[in-house]
Amino acid sequence: MRAFVYTTARDGNTAELRQLIEYSRSRLSAALLKGVWIDEGDDASMPRRRGGAELLGRTRRRGDHLVVPDVGTLAHPINDLIETIRNLVDRRHLTIHFVSEGFVYGPDGDSERMRELAEQSFRDWRTRRTREGVTHWKANGGHLTGWAPYRKRIVRRIGKRTTEGCWWERHWIAKCVEWREAGMSYPAIVAELRRRKARTSRGTQWNADRVRRVIAWKRTRNASEKRTNAGAARRDGSSGPRLCEAGSSAKPRRKRTSKRPQKFEVDGVRVKKYPKPAQTVAETRREYRDVMRIMKAICRSAGLRRRLITFREL
109 MRAFVYTTAR
119 DGNTAELRQL
129 IEYSRSRLSA
139 ALLKGVWIDE
149 GDDASMPRRR
159 GGAELLGRTR
169 RRGDHLVVPD
179 VGTLAHPIND
189 LIETIRNLVD
199 RRHLTIHFVS
209 EGFVYGPDGD
219 SERMRELAEQ
229 SFRDWRTRRT
239 REGVTHWKAN
249 GGHLTGWAPY
259 RKRIVRRIGK
269 RTTEGCWWER
279 HWIAKCVEWR
289 EAGMSYPAIV
299 AELRRRKART
309 SRGTQWNADR
319 VRRVIAWKRT
329 RNASEKRTNA
339 GAARRDGSSG
349 PRLCEAGSSA
359 KPRRKRTSKR
369 PQKFEVDGVR
379 VKKYPKPAQT
389 VAETRREYRD
399 VMRIMKAICR
409 SAGLRRRLIT
419 FREL
């Protein structure tokens with residue numbers, strides 16, 4: 109009987125790995141712990157990941173155990189998650205240990221409980237993805253209720269919904285930034301806006317959260333405009349010669365493009381970490397030439413004339 113530990117980069121820090129290894133040694137003392145497999149990508153099911161595919165190629169014996177942090181480690185969409193669990197348990201006859209949930213699911217396990225955990229994991233994944241998307245959208249100054257962006261309002265023209273500039277919101281945004289730079293607090297700015305009966309582009313009152321978001325958006329926009337203008341001025345040569353400017357001689361760090369996993373040990377257990385594959389230009393050309401070579405061989409075997417087909421190689 110053997111035991112395998114599988115996780116993703118989201119849960120693959122050293123503390124998590126030690127907990128998984130300690131769980132395997134305490135709960136599966138009679139099993140031989142073969143190692144730990146880590147995948148950086150967590151946007152697909154386990155069989156489609158590089159580490160998962162390499163791990164499943166080794167777990168072919170009936171009665172082996174697979175230890176994972178939680179149910180969401182195997183897959184995120186509910187259909188992929190259920191299919192992955194069926195593939196591991198029903199077809200490969202593995203016993204899966206979910207450490208966070210404290211649940212063990214095998215060929216004769218509680219299918220109803222497994223279904224409940226899968227649905228809960230899917231809801232948690234959907235909530236996390238939504239919060240991450242909302243946070244990114246707020247950081248870039250986006251609105252969350254389907255209304256127009258800052259300094260614009262929604263109007264209808266010829267039966268279509270479109271946006272146009274909102275002059276009063278542009279005026280109040282500039283005032284908010286000016287008052288904040290003068291040292292006023294957010295509640296004081298909101299009180300001043302309400303005293304002046306200021307309205308947003310959709311006709312609602314200002315609140316502290318909107319003032320905070322719009323000031324952060326305005327500062328980010330001003331900083332990006334300054335960088336763009338500085339870059340344009342540098343390209344135009346208006347900044348003067350750069351021969352005497354001091355520059356760092358350190359070369360930028362190259363991105364990892366190797367498909368080989370990183371190998372190290374944690375508490376005496378071998379660990380393999382599979383990075384996200386980054387395809388280089390040379391690899392793309394090599395794959396293209398391989399495809400062209402196969403197509404030429406197919407055309408020759410089919411008796412097609414060479415002059416009727418034109419191949420373009422890199």
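Counting from 109, one number per residue, gives the positions in the sequence shown under the working numbering.
Where a beta carbon is used, it is the ideal one built from N, C-alpha and C, also for glycine.
In this text the structure is predicted, and so the values were computed from the model without any measurement.
Quiz prompt | Reduced DSSP secondary structure (H/G/I, E/B, other) of L422 | solution = With a pLDDT of only 37 at L422, under 50, the local geometry of the prediction cannot be trusted, and the value read off the model is given with reservation. L422: coil per DSSP, three-state reduction.
Quiz item: Where do the ends of the beta strand (DSSP E) carrying K260 lie?
Solution: Note, K260: beta strand (DSSP E), 260-265.
Quiz item: Buried or exposed: M154, going by 16 or more other Cβ atoms within 10 Å of its Cβ?
Solution: Buried.
Quiz prompt | Residue interval of the beta strand (DSSP E) (run including G165) | solution = DSSP places G165 outside any beta strand (DSSP E), giving it a letter other than H or E.
Self-check item: I402 burial status per 10 Å Cβ neighbour count (16 or more: buried)
Solution: The residue in question, I402, is exposed, as its Cβ has fewer than 16 Cβ neighbours within 10 Å.
Quiz item: Rounded to a whole number of angstroms, what is the C-alpha to C-alpha distance between L164 and L196?
Solution: So the alpha carbons of these two residues sit roughly 9 angstroms apart.
Quiz item: What's the call for F372, buried or exposed, on a 16-neighbour Cβ count within 10 Å?
Solution: Classification of F372: exposed, given that the 10 Å Cβ count is below 16.
Practice problem: Look up R157 in the DSSP assignment and say whether it is helix, strand or coil. | Solution: If DSSP states are grouped into helix, strand and coil, R157 belongs with coil.
Quiz item: In the DSSP assignment, what residue or residues form a beta bridge with G273?
Solution: Partner(s): K260.
Self-check item: L174 (DSSP reduced to helix, strand or coil)
Solution: Here L174 sits in strand by DSSP.
Quiz item: What residue from V179, R223, R170 has the CA that sits closest to G210's CA?
Solution: Distance from the Cα of G210 is smallest, within the candidate group V179, R223, R170, for V179.
Quiz item: In three-state DSSP terms, what is E289?
Solution: If DSSP states are grouped into helix, strand and coil, E289 belongs with the helices.
Quiz prompt | Rounded straight-line distance, which links the Cα of I193 to that of T181 | solution = Taking the straight line joining both Cα atoms gives about 11 angstroms.
Practice problem: Quick one: measure Cβ to Cβ for G171 and H201, integer angstroms, because I've assumed they're closer than 8 angstroms. | Solution: Between G171 and H201 a beta carbon distance of about 7 angstroms is seen, short of the 8 angstroms cut, so the two are scored as contacting.
Quiz prompt | Inter-residue spacing [alpha-carbon to alpha-carbon] between P177 and H244 | solution = Answer to the nearest angstrom: the Cα atoms are 27 angstroms apart.
Quiz item: So what's A183 in DSSP terms, helix, strand or just coil?
Solution: DSSP places A183 in coil when its eight states are reduced to three.
Quiz prompt | R200 Cβ short of 7 angstroms to the ligand NAD heavy atom set | solution = In terms of ligand content, the structure shown is empty, and the ligand NAD therefore cannot be addressed.
Quiz item: From K381 to H184, what does the alpha carbon distance come to, in whole angstroms?
Solution: So the two alpha carbons sit approximately 20 angstroms from each other.
Practice problem: Drop a sphere of 10 angstroms on the beta-carbon of D317, count the other beta-carbons inside from all chains shown, and report buried for 16 or more, exposed for fewer. | Solution: Around the C-beta of D317, fewer than 16 other C-beta atoms lie within 10 Å, and the residue is accordingly described as exposed.
Quiz item: Just checking my contact of V298 with V319 at CB under 8 angstroms: how many whole Å lie between their CB atoms?
Solution: The distance from the Cβ of V298 to that of V319 is about 6 angstroms, consistent with a contact at the 8 angstroms cut-off.
Quiz item: Residue range of the beta strand (DSSP E) that T115 falls in?
Solution: Residue range 110-116 is occupied by the beta strand (DSSP E) that includes T115.
Quiz item: Does DSSP put L196 in a helix, in a strand, or in coil?
Solution: Taken through DSSP and simplified to helix, strand or coil, L196 comes out as helix.
Quiz item: Looking only at C-alpha atoms, which of G273, R304, K334 sits nearest to R50?
Solution: Since the first residue of the chain shown is 109 and the last is 422, residue 50 is not available in this structure.
Quiz item: If we ignore side chains and look at the alpha-carbon of each, how far apart do L141 and P369 end up?
Solution: As the crow flies, the alpha-carbon of L141 is around 19 angstroms from that of P369.
Quiz item: Should R126 and V374 be called a contact, given that it needs their Cβ atoms to be closer than 8 angstroms?
Solution: Contact check for R126 against V374 passes: the beta carbons are separated by less than 8 angstroms.
Quiz item: Can you list, in chain order, the stretches of the beta strand (DSSP E) that have 3 or more residues and sit fully within the region 202-243?
Solution: Listed in chain order, they are 203-206, 211-213.
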